[in-house]
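Everything on this sheet refers to the single structure shown next.
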Amino acid sequence: MIDWQQHLPIYPIAVPLIAGAIMLLLADTRRRVRAGIAVLSTLIQLGSAIALLAMAGGALGAWPEGIGVYLPGDWPAPFGIVLVVDRLAAVMLTLTGVLGLATLIYSLSRWDRAGVHFHSLFQFLLMGLNGAFLTGDLFNLFVFFEVLLAASYGLMLHGSGVARVSAGLQYIAVNLVASFLLLISIALIYGVTGTLNMADLAVRAGTLTGNDRSMFEAGCAILGVAFLVKAGAWPLNFWLVRGYGSACAPVAAMFSIMTKVGIYSLLRIGSLLLPTGAPSAFSLDWMFAVGLATLLFGGIGLLSTQGLEKLAGYCVIVSAGTLLTALGMPGVALTGPALFYLVSSVLATGALFLLIELIERTRTFGANVLAITMDVFDLDDPSTPNKSDDVVGVAIPAAMAFLGLAFVSCTLLVTGLPPLSGFVAKFSLLSAAVTAADSAAVPSMDAWLLVAAVLLSGLAGLMALSRTGIRVFWASDDRSTPRLRVLEAGPVAVLILLCVALAAGAGPISAYLDQAAQSLDQPTHYIDAVLSKLPVRPLEGVN
16 MIDWQQHLPI YPIAVPLIAG AIMLLLADTR RRVRAGIAVL STLIQLGSAI ALLAMAGGAL
76 GAWPEGIGVY LPGDWPAPFG IVLVVDRLAA VMLTLTGVLG LATLIYSLSR WDRAGVHFHS
136 LFQFLLMGLN GAFLTGDLFN LFVFFEVLLA ASYGLMLHGS GVARVSAGLQ YIAVNLVASF
196 LLLISIALIY GVTGTLNMAD LAVRAGTLTG NDRSMFEAGC AILGVAFLVK AGAWPLNFWL
256 VRGYGSACAP VAAMFSIMTK VGIYSLLRIG SLLLPTGAPS AFSLDWMFAV GLATLLFGGI
316 GLLSTQGLEK LAGYCVIVSA GTLLTALGMP GVALTGPALF YLVSSVLATG ALFLLIELIE
376 RTRTFGANVL AITMDVFDLD DPSTPNKSDD VVGVAIPAAM AFLGLAFVSC TLLVTGLPPL
436 SGFVAKFSLL SAAVTAADSA AVPSMDAWLL VAAVLLSGLA GLMALSRTGI RVFWASDDRS
496 TPRLRVLEAG PVAVLILLCV ALAAGAGPIS AYLDQAAQSL DQPTHYIDAV LSKLPVRPLE
556 GVN
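Encoded structure:
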């Protein structure tokens, strides 16, 4: 394997770190240089992620069992830092790169100039996300969590407005508490096991007994709570809707993948600990129950809100609930379809957050409130008789046509209606649940609860988004046609077209994700790859 391939796993971390540091040294007046560096850095990260995706899948000098291990300090596990790339990590890296590039290009229209150090913070956010997906030990998972959270604090407050500052402070306070819990749990686990390397931890966890086992269970319980806060699970998601809805459009779109970091961490650690006697904190029963409660909360929230930003926030919660419920089922029959749904939902909600900011430009202040009031009380404006006749034959501007079609596409994706990838994801998920129930692989009642919850949450999303779309595009006379730039409309269109491509290529993509699920079900390959990785140069004094 040539050098660029050997060191490829470090690129998604090192490149944004270097780019962000360089941009901090540039004056604010050199905006074009900063933007160029940011775009180039994100392109390199995306290219690296795609190459890692191919290598984990069996191409470009593939790794044994599709798992690559990189030792940044050239110290073997469990003593040194370890980066691990498997199919799941490569998928998450690619998804981060795609969403990151789309939101970065969108921000170049104006949002990167709404505050200081936007591009540096954005690169540090990408660094934290990529590191969390690559790291092979708990302490560095905590470190990368803090890197992405520190960057997200600045990005959350990027811009101006009392509402944004208030929501941002709540977001910061909640995540600081979650980080504190994460640190406590890591300290407890290390005190009992003497290791934080995930592969080594999976080996030692099965040997714990008595008080050590109880202490380990307590540490894992706190760890699970911290991950649930970051995943947006009920009842720990009270901060999410307001926080995401108050952030500027490209930041909110990027945040749509941040809740998936918590779910990824639960899936990764749970899969490693399950064969060795998983602690109750990572058992499947509670994850299934929490997922159902999150789905119920998200569905009720969709029906009870009118604001577009809040609707998008509740769509993120529904996505988290669907994933937790599906991953809480025993076996791996639903893991592959759940990963397909994860990819589709991240792209869809990211596009929705970007689109909402464009749609809001079409309405003047109070127009939506007036439309809702007239609809509720069945009021008509006497000064405009035969209103339905007045709109017949009025030409729809190109910008409004684009916004309308994009909103319909996002609605189809979020609710799981055909023919886009949201339908493919939910159909495969429900089909796998019913098939597994028929074969007694999962409890029949759990499978049908999953089917009912997913269908009802989709119906709630369809009703809420359709109602809002009608009021925004049809029921409001007081609206203006916005002027859209290619930098703004292009990323939205690309994210939606990628969802179309997901539906068109559902066969090979699903096969790849099913292989990722099978790899998670066989953690011995991960453990052996990490613990058997030798440094490039042998340690002194060791034969």
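At position 34 of the sequence shown (counting the first as 1) the number is 49 in my numbering, and the numbers step up by one without a gap.
Just so you know, even glycine gets a beta-carbon here, dropped at the ideal spot from N, CA and C.
Since we're looking at a predicted model, the values are computed, not measured.
Just how far apart, CA to CA, sit R49 and H134? Roughly 7 Å between the two C-alpha positions.
Range of the contiguous beta strand (DSSP E) that encloses V84: Segment 83-85, the beta strand (DSSP E) holding V84.
Can you tell me the Cβ-Cβ gap for A462 and A475, rounded? I've got them flagged as a contact below 8 Å. With a Cβ gap of about 21 Å, A462 and A475 do not count as contacting.
Quick check: what's the CA-CA separation for P352 versus S360? The alpha-carbon atoms of P352 and S360 are separated by roughly 12 Å.
For N401 and V487, I'd like the C-alpha separation in whole angstroms. Below a pLDDT of 50, predicted positions are generally treated as unreliable, and N401, at 41, falls in that range; the measurement from the model is reported next regardless. Roughly 20 Å between the two C-alpha positions.
Since V162 is in the alpha helix (DSSP H), which residue starts that stretch and which ends it? Run containing V162: 153-171, per the alpha helix (DSSP H) assignment.
In this structure, does DSSP put T210 in helix, strand or coil? In the structure shown, T210 adopts coil according to DSSP, grouped into three states.
How many angstroms separate the CA atom of L288 from the CA atom of R498? Roughly 53 Å between the two C-alpha positions.
DSSP state of V347 mapped onto helix, strand, coil: Residue state, collapsed to three classes: coil.
Have a look at the DSSP bridge pairing and note the partners of T150. In the DSSP output, where bridge partners are listed per residue, T150 has L98.
Within 10 angstroms of the Cβ of F157, are there 16 or more other Cβ atoms? Answer buried if so, exposed if not. Around the C-beta of F157, 16 or more other C-beta atoms lie within 10 Å, and the residue is accordingly described as buried.
Suppose you measure from the CA of A413 to the CA of V423; what does that come to, to the nearest Å? Taking the CA atoms as reference points, A413 sits about 15 Å from V423.
Reduced DSSP category for D127 - H, G, I as helix; E, B as strand; rest coil: Collapsing the DSSP output to three states places D127 in a helix.
Cβ-based burial, L549 [other Cβ within 10 Å; buried from 16]: Exposed is the call here.
Helix, strand or coil: how does DSSP classify V358 here? Here V358 sits in helix by DSSP.
Which same chain residues end up closer than 7 Å to G247 when comparing Cβ atoms and leaving out the 5 residues on each side of it in sequence? Here the set comprises L255, T274, V331, I332, A335.
When the Cα atoms are used, what is the spatial distance from M230 to F242? Cα atoms of M230 and F242: separation of roughly 19 Å, rounded to the nearest angstrom.
Decide if M460 is buried, meaning its Cβ has at least 16 other Cβ atoms within 10 Å, or exposed. By the neighbour-count criterion, in which 16 or more other beta carbons inside 10 Å mark a residue as buried, M460 falls on the exposed side.
At 4 residues or longer, what runs of the alpha helix (DSSP H) sit wholly inside the stretch 418-473? If we require 4 residues or more, the alpha helix (DSSP H) runs fully inside the stretch 418-473 come out as 436-453.
Please confirm if the stretch 214-221 is in contact with the stretch 172-180, defined as three or more CB-CB distances below 8 Å between the two stretches. With the cut-off at 8 Å, the stretch 214-221 and the stretch 172-180 do not touch.
Throw me the rounded Cβ distance for the A504 and P434 pair, which I believe falls under 8 Å. That pair is no contact at about 22 Å.
Which same chain residues, not among the five before or five after I25, have their C-beta less than 8 Å away from its C-beta? Contacts found: Y85, P87, L98.
Counting only runs that start and end within the stretch 19-73, where is the alpha helix (DSSP H) found for 4 or more residues in a row? Whole alpha helix (DSSP H) segments, 4+ residues: 26-39, 46-72.
Whose CA, out of F154, T309, Y329, lies closest to the CA of G95? Considering only alpha carbons, the answer is F154.
Cutting at 6 Å between CB atoms, please list the residues of its own chain near F148, excluding the five before and the five after it. Result list for F148: A104, M107, L108, in chain order.
Alpha-carbon to alpha-carbon, M38 and A508: Roughly 29 Å separates the two Cα atoms.
Considering only the beta carbon of each residue, do L116 and P31 sit closer than 8 Å? In this structure, P31 does not lie closer than 8 Å to L116 by Cβ.
Below 8 Å on the Cβ atoms is my contact criterion, and I expect L67 with V113 to pass it. Report the Cβ-Cβ distance as a whole number of Å. Not really, about 14 Å apart at Cβ, beyond 8 Å.
N-terminal and C-terminal residue of the alpha helix (DSSP H) that H540 is part of: 538-546 is the extent of the alpha helix (DSSP H) around H540.
Assuming L289 is part of the alpha helix (DSSP H), what are its boundary residues? It is not in any alpha helix (DSSP H) - L289 carries neither H nor E in the DSSP assignment.
Hey, how far is the Cα of V5 from the Cα of L339? Not covered by the structure: residue 5. The range shown for the chain is 16 to 558.
For C8, which of V54, L110, V501, Y541 has the nearest alpha-carbon? Since the first residue of the chain shown is 16 and the last is 558, residue 8 is not available in this structure.
When you compare the CB positions of V162 and G151, do they come within less than 8 Å of one another, or not? Result no, Cβ atoms of V162 and G151 do not sit closer than 8 Å.
What are the start and end residues of the alpha helix (DSSP H) that includes D227? Note, D227: alpha helix (DSSP H), 225-246.
Cβ pair count under 8 Å reaching 3, the stretch 362-374 against the stretch 311-320: Output reads no: the stretch 311-320 does not touch the stretch 362-374.
Coarse secondary structure for L251, derived from DSSP in three states: DSSP places L251 in coil when its eight states are reduced to three.
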